[in-house]
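Participant: Sharing a structure below in C-alpha cells format, with a few things to ask.
In the numbering used here, the protein residues as written are 336 to 757.
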C-alpha cells in the first residue's frame, strides 16, 4: 500500500500532470476534467447551502412561537408545573427562559363557520417576547377573554377584530355526551365565548390553524386543572445551540427527579415530517448533482489512459530502474487524486465566495417579494456539507483512476517484454 503513495510516485505524478504531452487533446481533456470537478463541487455546495438556508429559515419561523426544546407529558394532555420546577430549569447553564404553556385542539364556532384549530396559551412573558420578535406595538389580547387568530385562519373563516365566537375543546363534547344521564353535571359545563382582538402572521402552519390566548383562557377551554400545563418552553442563551441545550437538559434529567411521565422534545422531533422532507431533499440533491462530478471524473479516466500511452517509454524506463507495478499504479492514482484535490479545492473556494456574497449582498433575488417573507435566497454554509462533498469528490477521482493506473502498469510490462524479445 505504501508503494502506491511514496514520494517518487508523487514527484513523477506531478511531472506527468504538468509536463507537455505529444497529443494536445490530452491537455484539453485534462482541462475539461478539472473544470468539470470545479463546477460540479461548486454547484453542489451552493445548492446544499441554499437548502440549508431554507431549512434554517423554517426553523427560525417555528421558533417565533415554539422553543428549541420543550418539556412535555408523554401520555396525558398536561402535567403539574410548580415554581420549584421552573426555577430548577432556569438555573441550568445555558437556559435563558423556561415558560409554561398550554396547547391543544379546540373548535372555533362563529357565524356560519366551524373550524378545528390549535389553541396555544401564552404566559405574559411569552406574549411580550412574541411582540418583541414580531415588532408588534399593541398587545395580542385586549381582554383576558380575547384571542389572537392566525391571518390565514381569520381570512378563511371571516373573522374580524372584535367579532365574537365560541371556543371549546372536543373533550367537552365527549364529556357532555357521557353526562346525559347526569343533568347536574351538564349545568357545570360551559362553552367559552371569546372576542377576536387581533390577528398575527408568523409562519404558514401557524397562520393557517393557530389561535393564541392567555394561559388562563386556554386552561378553561382545554379543561385542564389549576397549575396544570401542556408543557414548558425552554429557550437557550445566545450562542447555545439546540443540541447543546438538549444535552444539558438530559444531564439535568439524570441528576434530578422531574415530573413523572414527562420528557424533553426538540423542535426537530415536533415537526419531524417537515424537517425530514427538507433533509431528504438536500441529500437527494447531493446524489443528483454528484453526477456532474462523476461525468468530470470519467473524462479524467480517459485523460489518464491517454497519458499512459503517451508516456509508455518513460514507464518502461521506470520499470527498468526497479519500480514495481504498485509504484507505476501509484503514479497515475496520485495524478488523478491531485487533479481531484485541485478541482475540489477550487470548487470549495468558489462556492464559499458565492455563498458569502449572497449572504452579505443578496445578489440573487427571489422571484416575487409579495410571495415570500424574504427578498433573496437564504444561505447557510455548514462545515459538515463542505467536508462530505470534498471527500466524495476526491474519493471519486481516486476511484476512477484505478483502471488507467492498472492499464499503465500493464503497458510498462508489455513494453519491457517487447524490448526483451528484440
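No residue lacks a Cβ here, since even glycine has one placed at the ideal position from N, Cα and C.
Please say whether residue 566 and residue 422 have beta carbons closer to each other than 8 angstroms?
Facilitator: On the chain shown, residue 422 is found 87 positions in, with the first residue counted as 1. On the chain shown, residue 566 is found 231 positions in, with the first residue counted as 1. No, the pair does not count as a contact, with Cβ atoms beyond the cut-off.
Participant: Have a look at 506, 536 and 686 and flag the residue whose alpha-carbon is nearest the alpha-carbon of residue 490.
Facilitator: Your numbering for residue 490 matches position 155 in the chain shown. Nearest option by C-alpha distance: 536.
Participant: What residue range does the alpha helix (DSSP H) around residue 551 cover?
Facilitator: Your numbering for residue 551 matches position 216 in the chain shown. Unbroken alpha helix (DSSP H) run through residue 551: 550 to 557.
Participant: Can you tell me whether DSSP reads residue 546 as helix, strand or coil?
Facilitator: Here residue 546 refers to the residue found at position 211 when the chain shown is read from its first residue. Strand at residue 546.
Participant: CB residue 733 to CB residue 668, shorter than 8 angstroms?
Facilitator: Counted from its first residue, the chain shown places residue 733 at position 398. Counted from its first residue, the chain shown places residue 668 at position 333. Result yes, Cβ atoms of residue 733 and residue 668 sit closer than 8 angstroms.
Participant: Taking only the alpha-carbon atoms, compute the straight-line gap between residue 469 and residue 400 and give it to the nearest angstrom.
Facilitator: Residue 469 sits at position 134 when you count from the first residue of the chain shown. Residue 400 sits at position 65 when you count from the first residue of the chain shown. Cα to Cα, residue 469 sits roughly 10 angstroms from residue 400.
Participant: Do you know whose CA, among 589, 414, 386 and 389, lies nearest residue 595's CA?
Facilitator: For this step, residue 595 is matched to residue 260 along the chain shown. Among 589, 414, 386 and 389, the Cα nearest to that of residue 595 is on 414.
Participant: Relative to the C-alpha of residue 738, which candidate in 615, 499 and 641 has its C-alpha closest?
Facilitator: The sequence position of residue 738 within the chain shown is 403, counting from 1. For the residues 615, 499 and 641, the minimum Cα distance to residue 738 belongs to 641.
Participant: On the DSSP letters alone, give me the boundaries of the alpha helix (DSSP H) that residue 709 sits inside.
Facilitator: Stepping through the chain shown from its first residue, residue 709 is reached at position 374. Unbroken run through residue 709: none, as it is neither H nor E.
Participant: Given residue 504, which residues of its chain have a CB within under 6 angstroms of its CB, disregarding the five upstream and five downstream residues?
Facilitator: As a working mapping, residue 504 is identified with position 169 in the chain shown. Here the set comprises 441, 556, 557 and 558.
Participant: Beta-carbon separation of residue 475 and residue 547 under 8 angstroms?
Facilitator: As a position in the chain shown, residue 475 is number 140, starting the count at 1. As a position in the chain shown, residue 547 is number 212, starting the count at 1. Yes, the Cβ-Cβ distance between residue 475 and residue 547 is below 8 angstroms.
Participant: Flag this pair as yes or no: are the beta carbons of residue 600 and residue 407 separated by less than 8 angstroms?
Facilitator: Looking up residue 600 in the chain shown gives position 265. Looking up residue 407 in the chain shown gives position 72. Yes. Within cutoff.
Participant: What residues in its chain sit with their C-beta under 6 angstroms from that of residue 519, if we drop five residues either side in the sequence?
Facilitator: Residue 519 sits at position 184 when you count from the first residue of the chain shown. Residue placement at residue 519 is poorly supported in this model, since its pLDDT is 48, which falls under 50; the coordinates still yield a value, given next. Closer than 6 angstroms at Cβ, skipping near neighbours: no residue.
Participant: Tell me the residue span of the beta strand (DSSP E) that contains residue 568.
Facilitator: On the chain shown, residue 568 is found 233 positions in, with the first residue counted as 1. Counting along the chain, the beta strand (DSSP E) containing residue 568 begins and ends at 566 to 571.
Participant: Where residue 588 and residue 405 are concerned, what is the direct C-alpha to C-alpha distance, given to the nearest angstrom?
Facilitator: Working through the chain shown from its first residue, we reach residue 588 at position 253. Working through the chain shown from its first residue, we reach residue 405 at position 70. Cα to Cα, residue 588 sits roughly 13 angstroms from residue 405.
Participant: Please check the pair residue 530 and residue 576, which I expect to be a contact at CB under 8 angstroms, by giving their CB distance rounded to whole angstroms.
Facilitator: Taking the chain shown and counting its residues from 1, one reaches residue 530 at position 195. Taking the chain shown and counting its residues from 1, one reaches residue 576 at position 241. That pair is no contact at about 41 angstroms.
Participant: Work out the CA separation of residue 620 and residue 611 for me, nearest whole Å.
Facilitator: For the purposes of this step, residue 611 is taken as residue 276 along the chain shown, with counting starting at 1. For the purposes of this step, residue 620 is taken as residue 285 along the chain shown, with counting starting at 1. Looking at the two C-alpha atoms, the distance is approximately 14 angstroms.
Participant: When burial is assigned at 16 or more other CB atoms within 10 Å of the CB, is residue 757 buried or exposed?
Facilitator: Translated into positions along the chain shown, residue 757 becomes position 422. Residue placement at residue 757 cannot be trusted, given a pLDDT of 43 that sits under 50; what the coordinates show is reported in the next sentence. The residue in question, residue 757, is exposed, as its Cβ has fewer than 16 Cβ neighbours within 10 Å.
Participant: Roughly how many whole angstroms lie between the Cα atoms of residue 687 and residue 384?
Facilitator: If you number the chain shown from 1, residue 687 lands on position 352. If you number the chain shown from 1, residue 384 lands on position 49. Cα to Cα, the separation comes out at about 10 angstroms.
Participant: For residue 405, write down the residues that DSSP places opposite it in a beta bridge.
Facilitator: Reading the chain shown from its first residue, position 70 is the one you call residue 405. According to DSSP, residue 405 bridges with 568 and 600.
Participant: For residue 413, which of helix, strand or coil comes out of DSSP?
Facilitator: If you number the chain shown from 1, residue 413 lands on position 78. Of the three classes helix, strand and coil, the one that applies to residue 413 here is coil, per DSSP.
Participant: If you measure between the beta carbons of residue 456 and residue 562, is that distance less than 8 angstroms?
Facilitator: For this step, residue 456 is matched to residue 121 along the chain shown. For this step, residue 562 is matched to residue 227 along the chain shown. No, these two residues do not count as a Cβ contact at 8 angstroms.
Participant: Since residue 562 is in the beta strand (DSSP E), which residue starts that stretch and which ends it?
Facilitator: Position 227 of the chain shown, counted from the first residue, corresponds to residue 562. It is not in any beta strand (DSSP E) - residue 562 carries neither H nor E in the DSSP assignment.
Participant: Can the beta-carbon of residue 372 be found closer than 8 angstroms to that of residue 631?
Facilitator: Numbered from its first residue, the chain shown carries residue 372 at position 37. Numbered from its first residue, the chain shown carries residue 631 at position 296. It is a contact, given that the beta carbons lie within the stated cut-off.
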